[in-house]
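The structure appears below as structure tokens.
2 protein chains.
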Amino acid sequence: MISSIAELISDRIGTMPAGERRAAQTLIANYPLTGLKTVAEFSSAAGVSSPTILRFVARLGFQNYPEFQAALQDELAAQLQSPASRTLNPSSAAGAASPMLEATLDNMRETFRHLSEKQIDDIAATLAGRRGKTFLIGGRFTDPLARYMAAHLAIIQPDVHHLAGQESIWRDRLIDMGKRDVLVTFDIRRYQESLIRFAEKAHERGVQIVLFTDQWLSPIARFARHVIAGRTAVPSAWDSSAALFVVAETLIGAVTRRLEAEGARRIRDLESLR
Amino acid sequence: MISSIAELISDRIGTMPAGERRAAQTLIANYPLTGLKTVAEFSSAAGVSSPTILRFVARLGFQNYPEFQAALQDELAAQLQSPASRTLNPSSAAGAASPMLEATLDNMRETFRHLSEKQIDDIAATLAGRRGKTFLIGGRFTDPLARYMAAHLAIIQPDVHHLAGQESIWRDRLIDMGKRDVLVTFDIRRYQESLIRFAEKAHERGVQIVLFTDQWLSPIARFARHVIAGRTAVPSAWDSSAALFVVAETLIGAVTRRLEAEGARRIRDLESLR
DNA sequence: GGAACGCTGTACCGTATGTTACGTATTTTG
DNA sequence: CAAAATACGTAACATACGGTACAGCGTTCC
Chain F
7 MISSIAELIS DRIGTMPAGE RRAAQTLIAN YPLTGLKTVA EFSSAAGVSS
57 PTILRFVARL GFQNYPEFQA ALQDELAAQL QSPASRTLNP SSAAGAASPM
107 LEATLDNMRE TFRHLSEKQI DDIAATLAGR RGKTFLIGGR FTDPLARYMA
157 AHLAIIQPDV HHLAGQESIW RDRLIDMGKR DVLVTFDIRR YQESLIRFAE
207 KAHERGVQIV LFTDQWLSPI ARFARHVIAG RTAVPSAWDS SAALFVVAET
257 LIGAVTRRLE AEGARRIRDL ESLR
Chain V
7 MISSIAELIS DRIGTMPAGE RRAAQTLIAN YPLTGLKTVA EFSSAAGVSS
57 PTILRFVARL GFQNYPEFQA ALQDELAAQL QSPASRTLNP SSAAGAASPM
107 LEATLDNMRE TFRHLSEKQI DDIAATLAGR RGKTFLIGGR FTDPLARYMA
157 AHLAIIQPDV HHLAGQESIW RDRLIDMGKR DVLVTFDIRR YQESLIRFAE
207 KAHERGVQIV LFTDQWLSPI ARFARHVIAG RTAVPSAWDS SAALFVVAET
257 LIGAVTRRLE AEGARRIRDL ESLR
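Have a look at this one:
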């Protein structure tokens, strides 16, 4: 059963030629506003010509463009009058449609339920307040998270390093690490021996360790100053790092806020370098 | 402070003559839809003549009718993009311990609302069904997402490559790309010139492009076979890639399920290598 | 490799739309 | 009560909007 135009589009988008597909994608991207504008605006937004837009709406079954717009407006009217209908849409939005999404959302709520604001603040203070260096490292699947965090932190403060590549390469960096430094580690099942060894050595040198792990806690938790335990279970062959990702983003935001005063100048300097 | 047009109207409705007041009332009655229709429709709905409508919008401070409609559309766009502001009372926000988390959860729901299951399936089929190679690339902040996806896909199928490092290095890889290959690109604001150029060249070689972008669509959308538009707005100095991350995980899961039959042997082989 | 097909954009057309001028009705004020 | 001012609608106008014909191009299928 196809009730909305959006569904109609995603149903037929596969059978459309390239140009019309671009039209469909731009419309879906911020639905339904683009469809309420003029043909010329729609076409230039999609990067195609006007006739392509008209052929697109014709393919959807509308006689002409105004009829298409009227349908969009009717849909919008129904939506605005009963906001509940949007959350309760049984076909696409509802829970059962994407169990993956639902599980992920649950994971995040659960993760943050066990994560107090004070904890976030403390960790942000650790990352923002220190005078030493920040190192980030991750495991096989979590290394991208370390990179993501490093990419942001490196902009707002100096001496942020992501440790990549061979294990032997990190080990040599240990010599640079001391009590004033922080090591942010990502490690979820299966926990990697090499990471554990490295974290332990860093800990012995007095490095403060911030650990992102799953709810079963990597062995690194023994050495860690701060531990963030995210939920990872989803109906998939793989574990999900999404909850940890969101915590990482939250932390990036918190650190940024703390450094805003001193960091603003730094960001301005960076902008001027471009 | 008057922020919305509705407020502006109720502010000035007292000083309006009878005809314009009727126009104002019919517009408020089912706001803002009547204002998006034509002057003739608006006027007949209000039971007045066309010029009265035009005088009405002129009194509100707009130069002409299209300008008035554009303002309404902008307002609507802002409203539709942040569903939280409508369902959640911004002042109360009892459950919202972390506004960052709430915004992120909203982003995900909103992202998946615009993303049909069929679309995911189509993209998964593209990634799983091809006989060619898969390349992944990302921008400054999204490159970790490309890495994350590559780390998983590389396990369940051969010829998965993450493109990293200098632009000149990717460009040389273009020579390996052809019609049977797929390029997964991550690009959010600010869109990177180098990525756009690269995607365009790949497109010219017949490579199928799967694009992860934000709701404003990277220019790469013009060349893309599939476009995933994720919501990125959060109360932070940075944009959030969390929604795209979850889509990536969902896609990884979908591809894995598709390859399970043929891929099972491969995974067994990998296990035995450890 | 050639031919047929389908897709896309350019250029043009008719028309519906927003806009304006003007005359009439209605209200307001002295 | 008269006269002026304001408000409103009818009708004519110009613009720009949606729609169409056609040619070029790429793609696919013999």
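Residue numbers (our numbering), protein chains in the order written: chain F, 7 to 280; chain V, 7 to 280.
Think of the CB as a built atom: it goes at the ideal place given N, C-alpha and C, for glycine as much as any other residue.
Chain-ordered neighbours of residue i on chain V, where CB pairs are closer than 9 angstroms
i, result
"F/T110", "M114, V252, E255, T256"
Residue of the options minimising C-alpha distance to residue i
i, options, result
"V/L265", "V/N113, V/E116, V/I162, V/L142", "V/I162"
"V/A76", "F/F68, F/S50, F/K43, F/E108", "F/K43"
"V/T148", "V/L250, V/L66, V/T58", "V/L250"
"V/Y37", "V/Q85, V/A24, V/R186", "V/Q85"
"V/A230", "V/D182, V/T132, V/S246", "V/T132"
"F/A51", "V/R61, V/G259, V/A156, V/A227", "V/A227"
"F/V216", "F/Q172, F/R18, F/L142", "F/L142"
"F/A243", "V/R65, V/G259, V/T238", "V/G259"
"F/A109", "F/S246, F/R195, F/D275", "F/S246"
"V/K207", "V/G184, V/S49, V/W222", "V/G184"
"V/L39", "V/A83, V/S9, V/A205", "V/A83"
"V/A156", "V/T191, V/R146, V/M114", "V/T191"
"V/K124", "F/T238, F/R18, F/E199, F/V166", "F/R18"
"F/P72", "F/P57, F/V45, F/Q172, F/R115", "F/V45"
"V/R195", "V/S9, V/T238, V/I126", "V/T238"
Outcome for residue i when other beta-carbon atoms lying within 10 angstroms are tallied against a minimum of 16
i, result
"V/H284", "Beyond the ends of chain V as shown, which are 7 and 280, falls residue 284 of chain V; an answer cannot be given."
"F/Q31", "buried"
"F/K139", "buried"
"V/T21", "exposed"
"F/G236", "buried"
"F/L94", "For F/L94, the pLDDT reaches just 37, beneath the cut-off of 50, and the residue's location in the model is therefore unreliable, leaving the point undetermined."
"F/S16", "buried"
"V/D193", "buried"
"V/R137", "exposed"
"V/N70", "exposed"
"V/I11", "buried"
"F/E295", "This structure cannot speak to residue 295 of chain F, because chain F is shown only from 7 to 280."
"V/A24", "exposed"
"V/D182", "exposed"
"V/Q221", "buried"
"F/S49", "buried"
"F/D187", "buried"
"F/L145", "As written in the sequence, residue 145 of chain F is Gly, which differs from the Leu given in the question. Buried: at least 16 other Cβ atoms inside 10 Å."
"V/E116", "buried"
"F/A35", "buried"
"F/E210", "exposed"
Anticipated Cβ contact below 8 angstroms, residue i with residue j, distance rounded
i, j, result
"F/T219", "F/V233", "7 angstroms"
"V/P225", "V/P105", "Wrong, their Cβ atoms sit about 31 angstroms apart, outside the cutoff."
"F/V252", "V/L107", "7 angstroms"
"F/V63", "F/R28", "About 14 angstroms separates the two Cβ atoms, so there is no contact after all."
"F/A134", "F/V261", "5 angstroms"
"F/N113", "F/A248", "7 angstroms"
"F/H167", "F/R153", "That belief does not hold up - the Cβ atoms of F/H167 and F/R153 are roughly 11 angstroms apart, past 8 angstroms."
"V/L60", "V/L14", "Going by Cβ atoms, the distance from V/L60 to V/L14 rounds to 17 angstroms, so no, they are not a contact pair."
"F/G41", "F/F68", "About 11 angstroms; that fails the 8 angstroms criterion."
"F/L189", "F/A205", "7 angstroms"
"V/P111", "F/L201", "At residue 111 of chain V the sequence reads Leu, which differs from the Pro that was named. Contact doesn't hold; Cβ gap of about 30 angstroms is too wide."
"F/T58", "F/E81", "At roughly 23 angstroms, the Cβ-Cβ gap does not stay under 8 angstroms, so F/T58 and F/E81 are not in contact."
Cross-chain neighbours of residue i in chain F, by beta carbon under 7 angstroms
i, result
"V/D128", "G20"
"V/A205", "Here the premise fails: no neighbours, minimum Cβ distance about 14 angstroms."
"V/R228", "R28, G53"
Where residue i meets chain V, residues with beta-carbon distance less than 8 angstroms
i, result
"F/F147", "Y154, A157, H158"
"F/G67", "Chain V residues near F/G67: none, gap ~18 angstroms exceeds 8 angstroms."
"F/W244", "H158, E255, I258, G259, T262"
"F/L151", "P150, Y154"
"F/A248", "A248, F251, V252, E255"
"F/Q221", "Under the 8 angstroms cutoff, chain V gives no residues; its nearest Cβ is about 17 angstroms from F/Q221."
Chain-ordered neighbours of residue i on chain F, where CB pairs are closer than 8 angstroms
i, result
"V/H120", "A12, I34, A35, Y37"
"V/Q79", "L39, L42, K43"
Within chain V, partners of residue i - CB distance below 7 angstroms
i, result
"F/S16", "S122, K124, Q125"
"F/P164", "Ordered by position in chain V, no residue passes the 7 angstroms Cβ test against F/P164, which lies about 18 angstroms from the chain."
"F/A131", "The contacting residues do not exist; F/A131 stays about 17 angstroms from chain V at best."
"F/L201", "Per Cβ cutoff of 7 angstroms: no residues; F/L201 is ~15 angstroms from chain V at best."
"F/L169", "Residues of chain V passing the Cβ test: none, with the nearest at roughly 14 angstroms."
Chain-ordered neighbours of residue i on chain F, where CB pairs are closer than 9 angstroms
i, result
"V/S104", "F118, L121, E123, I126, T256"
Would you call the stretch 173-180 of chain V and the stretch 119-131 of chain V touching, i.e. three or more CB-CB distances under 8 angstroms? In this structure the stretch 173-180 of chain V does not touch the stretch 119-131 of chain V; the number of beta carbon pairs closer than 8 angstroms is below three.
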